[in-house]
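Asks: Below you will find the structure I want to go over with you.
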Amino acid sequence: MKLAVISGSHRNGSESGKVARYVQQQLSSAPDVSSVYQLDLANNPLPLWDPEAWQPSEKWERLWSPISAELTASDAFVIVAPEWHGMVPAGLKNFFLFCTKGELAHKPALIVAVSAGPGGAYPIAELRMSSYKNSYLCYIPDHVIVRNVRELLNDPATSQSPDDGRIRERFQYALGLLLQYGKALQQVRASGAVNLARYPYGM
Ligand SMILES: Cc1cc2nc3c(=O)[nH]c(=O)nc-3n(C[C@H](O)[C@H](O)[C@H](O)COP(=O)(O)O)c2cc1C
Numbered sequence: 003m004k005l006a007v008i009s010g011s012h013r014n015g016s017e018s019g020k021v022a023r024y025v026q027q028q029l030s031s032a033p034d035v036s037s038v039y040q041l042d043l044a045n046n047p048l049p050l051w052d053p054e055a056w057q058p059s060e061k062w063e064r065l066w067s068p069i070s071a072e073l074t075a076s077d078a079f080v081i082v083a084p085e086w087h088g089m090v091p092a093g094l095k096n097f098f099l100f101c102t103k104g105e106l107a108h109k110p111a112l113i114v115a116v117s118a119g120p121g122g123a124y125p126i127a128e129l130r131m132s133s134y135k136n137s138y139l140c141y142i143p144d145h146v147i148v149r150n151v152r153e154l155l156n157d158p159a160t161s162q163s164p165d166d167g168r169i170r171e172r173f174q175y176a177l178g179l180l181l182q183y184g185k186a187l188q189q190v191r192a193s194g195a196v197n198l199a200r201y202p203y204g205m
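Each residue of the sequence shown is one higher than the one before, starting from 3 at the first, in our numbering.
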């Protein structure tokens, strides 16, 4: 199974990037995982969507097609979203505007919210409400909120505190569930019940 981890912070050297790399490392050593693609939105590798993206264009072929191919080949996703002003960063919402070719459709995703303090609930609520309709991404019921992130996951190999240990255990549990959903939803996509040609957009 191939996985993809998307880090939704535009900030260079972001804490979300740190968390995403930890997740990638954990997934890379999991049984049944053949590879883990990492997309980091630091430095805005994807400019803001424009209507040219709806037609053949050299610009979007160069910028989006390689990413689209990696996502299409993936069976499950981890979406790492920092809380910025009680929201998901605009670059992460921009990313979802490009996912219109079934790249994420009927595949499971684990949301990981990141906060420097005690926040992190808003990105969960926002993504669950507004990023799946046309992408058909299936968020699993479990999610992870990494609060006080600067204190956590700083040494990928060893936990540095009881809180650090607890969040690592939570990741182990949530990622284990994600992998099972990944296997289960392969059957849904193979069943013939999905018809993206007739219903490219959700209601
Ligand atoms: C523009 C901006 C707005 C932020 N707003 C919030 C917020 O509303 N709630 C919160 O818990 N943290 C907020 N933070 C702090 C982030 O939680 C902190 O930067 C954390 O490291 C995650 O973001 P990062 O992945 O970009 O590093 C904000 C950070 C930035 C850059």
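We put the beta carbon where it would ideally sit given N, CA and C, even for glycine.
Between which two residues does the alpha helix (DSSP H) harbouring residue 42 extend?
Replies: On the sequence shown, position 40 is the one that residue 42 refers to. First-last for residue 42: 37-42, but that is the beta strand (DSSP E), not the alpha helix (DSSP H).
Asks: Give a yes or no on whether the C-beta atoms belonging to residue 80 and residue 116 are separated by under 8 Å.
Replies: For the purposes of this step, residue 80 is identified with residue 78 of the sequence shown, where counting begins at 1. For the purposes of this step, residue 116 is identified with residue 114 of the sequence shown, where counting begins at 1. No, the Cβ-Cβ distance between residue 80 and residue 116 is not below 8 Å.
Asks: Run the proximity test for residue 118: is its beta-carbon closer than 7 Å to any non-hydrogen atom belonging to ligand 1?
Replies: Here residue 118 refers to the residue found at position 116 of the sequence shown. Yes, since a heavy atom of ligand 1 falls inside the 7 Å radius drawn around the Cβ of residue 118.
Asks: Any heavy atom of ligand 1 inside 7 Å of the beta-carbon of residue 87?
Replies: Within the sequence shown, the letter at position 85 stands for residue 87. At least one heavy atom of ligand 1 is nearer than 7 Å to the Cβ of residue 87, so yes.
Asks: Taking residue 184 and residue 3 to be in contact with their CB atoms under 8 Å, please state how far apart those CB atoms are, rounded to whole angstroms.
Replies: Along the sequence shown, one-based indexing puts residue 184 at 182. Along the sequence shown, one-based indexing puts residue 3 at 1. That pair is a contact at about 5 Å.
Asks: Less than 8 Å separating the beta-carbons of residue 136 and residue 203?
Replies: Your numbering for residue 136 matches position 134 in the sequence shown. Your numbering for residue 203 matches position 201 in the sequence shown. Contact flag set, yes.
Asks: So for residue 180, helix, strand or coil by DSSP?
Replies: If you number the sequence shown from 1, residue 180 lands on position 178. Looking at residue 180 - three-state DSSP - the assignment turns out to be helix.
Asks: Just to confirm, are residue 72 and residue 6 a CB contact at a threshold of 8 Å?
Replies: The residue you call residue 72 lines up with position 70 of the sequence shown. The residue you call residue 6 lines up with position 4 of the sequence shown. A contact, by the Cβ cut-off of 8 Å.
Asks: With a threshold of 7 Å, establish whether the CB of residue 143 neighbours any heavy atom of ligand 1.
Replies: Start at 1 with the first residue of the sequence shown, and residue 143 comes out as number 141. No, Cβ of residue 143 sits at least 7 Å from all heavy atoms of ligand 1.
Asks: Where does the unbroken alpha helix (DSSP H) through residue 68 begin, and where does it stop?
Replies: Residue numbering aside, residue 68 sits at position 66 when the sequence shown is read from its first letter. Element bounds for residue 68: 67-74.
Asks: Taking 8 Å as the cut-off, does the region 154-171 touch the region 52-62 (at least 3 CB pairs, one atom from each stretch)?
Replies: No, the region 52-62 is not in contact with the region 154-171.
Asks: On the criterion of 16 or more Cβ atoms from any shown chain inside 10 Å, does residue 198 qualify as buried, or is it exposed?
Replies: The residue you call residue 198 lines up with position 196 of the sequence shown. Counting Cβ neighbours within 10 Å, residue 198 comes out exposed, since fewer than 16 surround it.
Asks: Taking the DSSP output, what are the residues bridged to residue 84?
Replies: Start at 1 with the first residue of the sequence shown, and residue 84 comes out as number 82. Partner(s): 116.
Asks: Tell me, please, which residues DSSP counts as bridged to residue 148.
Replies: For this step, residue 148 is matched to residue 146 along the sequence shown. Residue 148 is bridged to 116.
Asks: Among all the DSSP beta bridges, which residues are the ones paired with residue 4?
Replies: Looking up residue 4 in the sequence shown gives position 2. Answer is 37, bridged to residue 4.
Asks: According to DSSP, what are the bridge partners of residue 110?
Replies: On the sequence shown, residue 110 is found 108 positions in, with the first residue counted as 1. In DSSP, residue 110 forms a bridge with 140.
Asks: Going straight from the alpha carbon of residue 2 to that of residue 153, what length do you get?
Replies: Since the displayed the chain opens at 3 and closes at 205, residue 2 lies outside it and no answer follows.
Asks: Are the beta-carbon atoms of residue 188 and residue 77 separated by less than 8 Å?
Replies: As a first step, residue 188 must be located in the sequence shown, where it is residue number 186. As a first step, residue 77 must be located in the sequence shown, where it is residue number 75. Contact flag set, yes.
Asks: Got a sec: does ligand 1 put a non-hydrogen atom nearer than 7 Å to the Cβ of residue 17?
Replies: Taking the sequence shown and counting its residues from 1, one reaches residue 17 at position 15. Yes, ligand 1 has a heavy atom inside 7 Å of this Cβ.
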